[in-house]
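Numbering (the numbering used here), first residue to last: -6 to 149. Built from N, CA and C at the ideal position, the CB exists for glycine as well. Small disclaimer: the values here were computed from a predicted structure and weren't measured.
Structure representation (structure tokens):
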């Protein structure tokens, strides 16, 4: 909840929206951000007599993506049974990710499946991304792979 500074001038602070994670737990208030948090989880501003500078931060838009976990028994990545809620800035494109074919059991799925893959992870085939709500489910993969397999066999 936003807290209006009781100071007429000086520093104020507020949380920031962390892409694909949500509004950080930093508090609204007077004073500067804690050392090491400026621009990462908190933002400071200069208050003036006309208006507070630490107004309520947008909570962004929400969409769903599936989390993934490595099953040590089957030695395979498995999608969670329910999609988790992802939060992003209003102007950020929807993106979900999941482990790619080269992802081993030590791979860490970014943001529990929310957001894009890094360019390095795409090149290494450890991460696959898609751009629609809930697009990274295990079922979504079969809708892509099955037509490709059918097309391949029709070429042979």
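Residue 105 sits in a helix when the DSSP states are folded into three classes. When the Cα atoms are used, residue 128 and residue 84 turn out to be separated by approximately 19 Å.
A residue is called buried once 16 or more other Cβ atoms fall within 10 Å of its Cβ, and residue 102 is buried on that count. Per DSSP, residue 81 is not a residue of any alpha helix (DSSP H); the beta strand (DSSP E) it occupies stretches across 77 to 81.
For residue 70 and residue 92, the gap between their C-alpha atoms comes out near 7 Å. Counting along the chain, residue 114 sits inside the alpha helix (DSSP H) bounded by residues 112 to 116. The beta carbon of residue 18 sits closer than 8 Å to those of 8, 34, all from its chain and outside the five residues before and after it, given in chain order. Membership of residue 49 in any beta strand (DSSP E) is not indicated, and neither H nor E is assigned to it by DSSP.
Residue 68 and residue 40 have their alpha carbons spaced roughly 55 Å apart. Assignment of residue 72 by DSSP, reduced to helix, strand and coil, places it in the strand class. Residue 105 counts as buried, since at least 16 other C-beta atoms from the protein chains shown sit within 10 angstroms of its C-beta. In this structure, the CA atom of residue 65 is about 30 Å from the CA atom of residue 15. Bridge pairing for residue 8: 35 [DSSP]. Put simply, the backbone Cα of residue 89 is about 43 Å away from that of residue 42. The three-state secondary structure of residue 88, taken from DSSP, is coil.
Here DSSP, grouped into helix, strand and coil, assigns residue 132 to helix.
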